[in-house]
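J.:
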Amino acid sequence: MSSGLIHWFRYASPPSFYPLAGRMTPWFAWLAAVSGAVGLWIAFFVAPTDAQQGESYRIIFVHVPASWMSMFLYLVMAGWSGLGLALNTRLSSMMAHAIAPTGAMFAFLSLWTGALWGRPTWGTYWVWDARLTSELVLFFLYLGYMALRAAIDDPRRGDRAAAVLALVGVINVPIIYFSVQWWNTLHQGASVSLTRAPSMAAAMLAGMLIMAFAFWMYSIAVSLVRVRAIILEREAHTEWAYQLKEAT
Amino acid sequence: MLSANDLECVRGTRRLFAGVSFRLHPGECLLVQGPNGSGKTSLLRILCGLARPERGEVRWNDAPIWRIDEEYRAELAYCGHSNALKDDLTPSENLLAAASLCGQPASRGAAADALEAFGVRQLDALPVRALSQGQKRRVGLSRLALAARRLWILDEPLASLDARAAQALAGLVDAHLERGGIAVLTSHQPIELRAEVRVFAFT
Amino acid sequence: MSAPSFRAAFAGIVRRDLRLAARRKSEPLFSLGFFVLVASLFPLGLGPEPELLRRVAPGVLWVAALLASMLSLGRMFVADFEDGTLEQLALAPVPLVVSVSGKVAAHWLVSELPLVLVSPLLALQYGLPADVIGLLMISLLIGTPALSLVGAIGAALTLGVRGGGALVALLVLPLYVPTLIFGAGAVDARLAGLSSAANLSLLGACLILATVFAPLAAAAGIRIALE
Numbered sequence: 000m001s002s003g004l005i006h007w008f009r010y011a012s013p014p015s016f017y018p019l020a021g022r023m024t025p026w027f028a029w030l031a032a033v034s035g036a037v038g039l040w041i042a043f044f045v046a047p048t049d050a051q052q053g054e055s056y057r058i059i060f061v062h063v064p065a066s067w068m069s070m071f072l073y074l075v076m077a078g079w080s081g082l083g084l085a086l087n088t089r090l091s092s093m094m095a096h097a098i099a100p101t102g103a104m105f106a107f108l109s110l111w112t113g114a115l116w117g118r119p120t121w122g123t124y125w126v127w128d129a130r131l132t133s134e135l136v137l138f139f140l141y142l143g144y145m146a147l148r149a150a151i152d153d154p155r156r157g158d159r160a161a162a163v164l165a166l167v168g169v170i171n172v173p174i175i176y177f178s179v180q181w182w183n184t185l186h187q188g189a190s191v192s193l194t195r196a197p198s199m200a201a202a203m204l205a206g207m208l209i210m211a212f213a214f215w216m217y218s219i220a221v222s223l224v225r226v227r228a229i230i231l232e233r234e235a236h237t238e239w240a241y242q243l244k245e246a247t
Numbered sequence: 000m001l002s003a004n005d006l007e008c009v010r011g012t013r014r015l016f017a018g019v020s021f022r023l024h025p026g027e028c029l030l031v032q033g034p035n036g037s038g039k040t041s042l043l044r045i046l047c048g049l050a051r052p053e054r055g056e057v058r059w060n061d062a063p064i065w066r067i068d069e070e071y072r073a074e075l076a077y078c079g080h081s082n083a084l085k086d087d088l089t090p091s092e093n094l095l096a097a098a099s100l101c102g103q104p105a106s107r108g109a110a111a112d113a114l115e116a117f118g119v120r121q122l123d124a125l126p127v128r129a130l131s132q133g134q135k136r137r138v139g140l141s142r143l144a145l146a147a148r149r150l151w152i153l154d155e156p157l158a159s160l161d162a163r164a165a166q167a168l169a170g171l172v173d174a175h176l177e178r179g180g181i182a183v184l185t186s187h188q189p190i191e192l193r194a195e196v197r198v199f200a201f202t
Numbered sequence: 000m001s002a003p004s005f006r007a008a009f010a011g012i013v014r015r016d017l018r019l020a021a022r023r024k025s026e027p028l029f030s031l032g033f034f035v036l037v038a039s040l041f042p043l044g045l046g047p048e049p050e051l052l053r054r055v056a057p058g059v060l061w062v063a064a065l066l067a068s069m070l071s072l073g074r075m076f077v078a079d080f081e082d083g084t085l086e087q088l089a090l091a092p093v094p095l096v097v098s099v100s101g102k103v104a105a106h107w108l109v110s111e112l113p114l115v116l117v118s119p120l121l122a123l124q125y126g127l128p129a130d131v132i133g134l135l136m137i138s139l140l141i142g143t144p145a146l147s148l149v150g151a152i153g154a155a156l157t158l159g160v161r162g163g164g165a166l167v168a169l170l171v172l173p174l175y176v177p178t179l180i181f182g183a184g185a186v187d188a189r190l191a192g193l194s195s196a197a198n199l200s201l202l203g204a205c206l207i208l209a210t211v212f213a214p215l216a217a218a219a220g221i222r223i224a225l226e
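As they're listed, the protein sequences go chains A, B and C. Just so it is clear: in the first sequence, position 248 is 247 by numbering that gives the first Met the number 0, and no numbers are missing. Just so it is clear: in the second sequence, position 71 is 70 by numbering that gives the first Met the number 0, and no numbers are missing. Just so it is clear: in the third sequence, position 21 is 20 by numbering that gives the first Met the number 0, and no numbers are missing.
See the structure below:
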């Protein structure tokens with residue numbers, strides 16, 4: 000048991016994690032590509048045409064998994080941030096920093112695909128429905144995190160301040176979602192709702208889960224690549240980074 | 000008793016110092032010297048608990064300061080580079096506010112006496128904004144005379160002080176040490192204390 | 000020395016900040032002026048039609064108060080940070096959460112209470128009926144402290160950081176959303192003749208959550224800024 004514990008902590012330092020991350024990346028990238036291909040195949044060829052919405056509904060195979068990912072990644076980011084604050088480890092904060100842009104991208108993707116779905120279905124590019132509005136606020140939470148990080152020069156202070164922000168954000172996300180839901184039901188004028196997806200055939204649900212998995216693998220792969228860049232940038236002054244440079 | 004064990008400080012990508020250790024018993028005074036930017040202020044801030052060292056720990060009476068937190072701060076008086084004065088308040092209003100912020104309100108008489116120790120009592124009619132640099136420094140330092148704290152950490156206390164005020168400060172530090180207090184200070188200028196001073200020099 | 004009294008510390012800092020605000024009388028006027036200006040801009044943008052203005056009044060007045068509140072955040076900790084008194088607060092033998100709560104309370108009294116008191120005048124400009132005006136004041140009375148508390152987190156995290164007001168806005172506005180929805184919703188409900196109890200309770204819940212958690216986060220932010 001204790002040797003297992005030591006084993007993990009060995010990788011908690013940037014110099015040891017760097018090569019590990021490099022080795023893991025191709026695996027996740029392949030998983031992402033394969034499951035993405037399967038998911039998209041289901042999306043376009045297997046899932047039946049919807050009676051009401053025709054072919055345009057197929058975009059939910061990207062829209063819904065992207066929403067799930069954006070929320071999930073925020074939780075993961077907050078988790079790494081909390082770990083970094085509690086244990087005072089550099090690598091945890093670097094991981095949080097690496098995940099943020101991907102999370103923001105999925106939030107943005109969710110908003111875009113929501114708009115693209117809205118146009119043929121409801122005639123407008125944007126509806127103030129609960130999910131899209133919450134997604135918009137989540138997108139701003141991501142931007143705030145990245146902006147705060149970017150604005151602080153000292154990396155350790157930036158780590159800690161952004162970590163506090165991420166933790167505050169994660170507590171607020173359910174509250175914000177609830178309040179937006181509340182707001183949406185209050186103002187019944189908006190009768191359109193993108194959450195009222197066509198009733199789920201099993202194939203559709205499978206397709207969305209596979210796409211979600213693909214996005215998750217993609218996020219891991221991209222975050223690993225990004226964290227390697229962050230490690231190099233932050234540790235540029237140390238001995239092992241210099242030796243790495245000499246070796247290549 | 001204040002002890003520092005193997006303190007290391009990193010600012011950004013620079014390591015300012017490493018392996019700093021010392022022990023101070025009641026009545027002892029440590030003078031930290033070194034060129035600008037060598038980490039004197041950082042060391043003092045680490046001793047206060049404001050900054051976290053990269054490695055090592057500070058202990059007060061053998062308990063790590065992060066664990067005893069408020070207890071430690073109740074024994075500590077810190078005077079940094081800034082005077083920690085509100086420009087719009089008069090000197091005694093500043094002292095009284097500082098005391099009540101610590102949850103230990105002081106009387107007007109005590110505040111007046113503290114100002115007297117540095118010879119700034121007669122400036123009390125004006126807001127701090129109207130005082131000179133040296134006078135502001137003296138008002139800032141008079142905080143030391145108000146609350147009885149066992150550990151004094153002073154960063155460049157002599158800055159802007161004339162000879163007489165410097166003497167007054169030295170007298171106060173001496174009295175503090177005689178009462179069994181501990182003092183850590185940095186100073187570019189020479190400070191004349193009756194007590195024996197240990198010197199810690201940064202290169 | 001006697002054991003530090005939290006109540007004395009809290010009262011001490013509120014008293015000090017109020018005295019400072021009294022010496023510089025322009026402080027509360029900034030937020031107030033902004034509040035009135037923003038509320039006056041909307042009719043210029045929307046048109047003077049009474050029915051429309053009455054309909055949008057709850058949301059507009061709430062957003063104006065929210066923006067005025069956010070603008071005043073730049074004054075919450077910065078002065079103390081710059082003259083070294085914030086450092087002394089962090090070194091006091093009193094938990095920093097107590098001192099921070101005191102500062103937020105004083106800030107609310109100086110920058111936000113005036114908004115609550117002036118809101119009836121603006122509400123009249125928008126043609127709101129008397130009972131709705133009363134509810135507007137109550138919603139602002141409960142909601143603006145929540146805004147101050149949450150805003151304190153943003154103010155603390157951005158101490159001494161470039162980016163100024165825009166960065167604080169980006170950090171804090173998403174966190175303001177629930178308070179805005181419940182606050183404006185309460186007034187809207189009353190305007191439509193419905194009960195605003197649900198919205199007000201949720202607003203109260205936001206305030207309680209903010210009172211419990213925001214000072215912790217703000218104190219953490221301040222310690223990080225002082226390192």
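Beta carbons: idealized from backbone N, C-alpha and C, even for Gly.
Where does A:V226 fall in DSSP's three states?
T.: To locate residue 226 of chain A, count along the first sequence from 1; it is residue 227. Correct three-state label for A:V226: helix.
J.: Consider the Cβ of B:G11: report whether some Cβ of chain A lies at a distance smaller than 8 Å.
T.: Counted from its first residue, the second sequence places residue 11 of chain B at position 12. Yes, contact with chain A.
J.: Please report the Cβ distance between C:S71 and C:S118, rounded to the nearest whole angstrom; I am assuming they are in contact, meaning their Cβ atoms lie under 8 Å.
T.: Translated into the one-based positions of the third sequence, residue 71 of chain C becomes position 72. Translated into the one-based positions of the third sequence, residue 118 of chain C becomes position 119. C:S71 to C:S118, Cβ: 16 Å. No contact.
J.: Report the three-state DSSP secondary structure of A:P173 (helix, strand or coil).
T.: As a working mapping, residue 173 of chain A is identified with position 174 in the first sequence. Correct three-state label for A:P173: helix.
J.: Let me know the secondary structure DSSP gives B:E7 once reduced to three states.
T.: Taking the second sequence and counting its residues from 1, the one referred to as residue 7 of chain B is at position 8. Residue state, collapsed to three classes: strand.
J.: Excluding five sequence neighbours on each side, which residues of the same chain lie with their C-beta closer than 8 Å to the C-beta of C:G101?
T.: What you label residue 101 of chain C is simply residue 102 of the third sequence in a count that begins at 1. Excluding positions up to five away in sequence, the list reads A8, F9, A10, G11, I12, V13, D16.
J.: Are the segment 8 to 24 of chain B and the segment 162 to 174 of chain B touching by the rule of at least three beta carbon pairs closer than 8 Å?
T.: The segment 8 to 24 of chain B vs the segment 162 to 174 of chain B: no contact.
J.: Show which residues of chain C have a CB atom less than 8 Å away from the CB atom of B:E69.
T.: Translated into positions along the second sequence, residue 69 of chain B becomes position 70. Ordered by position in chain C, the residues that pass the 8 Å Cβ test against B:E69 are P3, P92, V93, P94.
J.: Quick check: the Cα distance between C:G150 and B:E69, rounded to an integer number of angstroms?
T.: Locating residue 150 of chain C in the third sequence gives position 151, where the first residue counts as 1. Locating residue 69 of chain B in the second sequence gives position 70, where the first residue counts as 1. If you take the alpha carbons of C:G150 and B:E69, they lie about 26 Å apart.
J.: I need the boundaries of the beta strand (DSSP E) containing B:G55, first residue and last residue.
T.: Along the second sequence, read from residue 1 onward, the residue named residue 55 of chain B stands at position 56. Run containing B:G55: 54 to 59, per the beta strand (DSSP E) assignment.
J.: Closest Cβ-Cβ distance between A:L185 and chain C: below 8 Å?
T.: Counted from its first residue, the first sequence places residue 185 of chain A at position 186. So, interface residue.
J.: Could you confirm whether any beta carbon from chain B is found closer than 8 Å to the beta carbon of C:I223?
T.: Along the third sequence, one-based indexing puts residue 223 of chain C at 224. No, its Cβ sits nowhere closer than 8 Å to a Cβ of chain B.
J.: Between B:A109, B:A50, B:A194, which has its C-alpha nearest B:G38's C-alpha?
T.: On the second sequence, residue 38 of chain B is found 39 positions in, with the first residue counted as 1. Ranking the options by Cα distance to B:G38, first place goes to B:A50.
J.: Applying a beta-carbon distance threshold of less than 7 Å, which residues of chain A neighbour C:A219?
T.: As a first step, residue 219 of chain C is located in the third sequence; it is residue number 220 there, counting from the start. Result: V163.
J.: Answer yes or no: does any C-beta atom of chain C fall closer than 8 Å to that of B:K85?
T.: Working through the second sequence from its first residue, we reach residue 85 of chain B at position 86. B:K85 counts as touching chain C.
J.: Applying the 10 Å Cβ sphere with the 16-neighbour rule, what's the burial state of A:G188?
T.: Stepping through the first sequence from its first residue, residue 188 of chain A is reached at position 189. Because A:G188 sits at a pLDDT of 46, beneath the cut-off of 50, its placement in the model cannot be relied upon, and the following sentence gives the value as read from the coordinates. Flag for A:G188 reads exposed.
J.: Does chain A have any CB closer than 8 Å to the CB of C:I137?
T.: As a position in the third sequence, residue 137 of chain C is number 138, starting the count at 1. Output row for C:I137: interface = no.
J.: For A:A246, does the count of other Cβ atoms within 10 angstroms reach 16, so buried, or fall short, so exposed?
T.: To locate residue 246 of chain A, count along the first sequence from 1; it is residue 247. Exposed, because fewer than 16 other Cβ atoms sit within 10 Å of the Cβ of A:A246.
J.: Of the residues B:E92, B:D161, B:A73, which one's Cα is nearest the Cα of B:G102?
T.: Here residue 102 of chain B corresponds to residue number 103 of the second sequence, with the count starting at 1. When each option's Cα is compared against that of B:G102, the closest is B:A73.
J.: Who does B:P63 pair with in a DSSP beta bridge?
T.: Residue numbering aside, residue 63 of chain B sits at position 64 when the second sequence is read from its first letter. Partner(s): B:R58.
J.: Excluding the 5 residues preceding and the 5 following B:R136 in the sequence, name in chain order all residues of the same chain whose CB lies nearer than 7 Å to its CB.
T.: Within the second sequence, residue 136 of chain B is the residue found at index 137, counting from 1. Excluding positions up to five away in sequence, the list reads N82, A158, S159, L160.
J.: C:L95 to B:P63, Cα distance in whole Å?
T.: Taking the first residue of the third sequence as position 1, residue 95 of chain C is located at position 96. Taking the first residue of the second sequence as position 1, residue 63 of chain B is located at position 64. Cα-Cα distance, rounded: 19 Å.
J.: Counting only the same chain and skipping the five closest in sequence on each side, list residues whose C-beta sits under 7 Å from that of A:S55.
T.: For this step, residue 55 of chain A is matched to residue 56 along the first sequence. Closer than 7 Å at the Cβ level, and outside the excluded window around A:S55, lie W116, P119, T120.
J.: Please give me, in chain order, every unbroken run of the beta strand (DSSP E) with length at least 3 that falls completely inside the segment 8 to 45 of chain B.
T.: As far as the segment 8 to 45 of chain B is concerned, its whole beta strand (DSSP E) runs of at least 3 residues are 13 to 23, 28 to 32.
J.: Quick one: Cα of C:G83 to Cα of B:L84, how far?
T.: The sequence position of residue 83 of chain C within the third sequence is 84, counting from 1. The sequence position of residue 84 of chain B within the second sequence is 85, counting from 1. For C:G83 and B:L84, the distance between alpha carbons rounds to 7 Å.
J.: Measuring CA to CA, which of A:V172, A:N171, A:W182, A:M145 is closest to C:L169?
T.: Working through the third sequence from its first residue, we reach residue 169 of chain C at position 170. Ranking A:V172, A:N171, A:W182, A:M145 by Cα distance to C:L169 puts A:M145 first.
J.: Rounded to whole angstroms, what is the Cα-Cα separation between B:E191 and C:A20?
T.: What you label residue 191 of chain B is simply residue 192 of the second sequence in a count that begins at 1. What you label residue 20 of chain C is simply residue 21 of the third sequence in a count that begins at 1. Using only the alpha carbons, I get a separation of about 42 Å.
J.: Could you check if B:N35 is buried or exposed, using at least 16 other CB atoms within 10 Å of its CB as the buried criterion?
T.: Position 36 of the second sequence, counted from the first residue, corresponds to residue 35 of chain B. Classification of B:N35: exposed, given that the 10 Å Cβ count is below 16.
J.: Which residues does DSSP pair with B:S2 in a beta bridge?
T.: For the purposes of this step, residue 2 of chain B is taken as the residue at position 3 of the second sequence. Looking at the DSSP assignment, B:S2 forms a beta bridge with B:R22, B:R58.
J.: Would a check of beta-carbon distances place A:V136 closer than 8 Å to chain C?
T.: Translated into positions along the first sequence, residue 136 of chain A becomes position 137. Chain C contact via Cβ: present.
J.: Would you kindly check if the distance between the Cβ of B:C47 and the Cβ of B:I152 is under 8 Å?
T.: Within the second sequence, residue 152 of chain B is the residue found at index 153, counting from 1. Within the second sequence, residue 47 of chain B is the residue found at index 48, counting from 1. Cβ distance < 8 Å, so B:I152 and B:C47 count as in contact.
J.: Given the structure, does A:Y141 come close to the ligand ADP, in the sense that its CB is under 7 Å from one of the ligand's heavy atoms?
T.: Absence of the ligand ADP is noted for the structure shown, with no ligands found whatsoever.
J.: Could you check what DSSP says for C:V59 in three-state terms: helix, strand or coil?
T.: Within the third sequence, the letter at position 60 stands for residue 59 of chain C. C:V59: helix per DSSP, three-state reduction.
J.: For B:N4, which option in B:L184, B:L140, B:L42, B:L122 has the closest C-alpha, if you only look at C-alpha atoms?
T.: For the purposes of this step, residue 4 of chain B is identified with residue 5 of the second sequence, where counting begins at 1. The shortest C-alpha separation from B:N4 is found at B:L42.
J.: Select from A:R22, A:F44, A:L208, A:Y17 the residue whose C-alpha is nearest the C-alpha of A:S34.
T.: Here residue 34 of chain A is taken as the residue at index 35 of the first sequence, counted from 1. Selected option, being the one with the closest Cα: A:L208.
J.: Look up A:E245 in the DSSP assignment and say whether it is helix, strand or coil.
T.: One-based indexing of the first sequence puts residue 245 of chain A at position 246. Helix.
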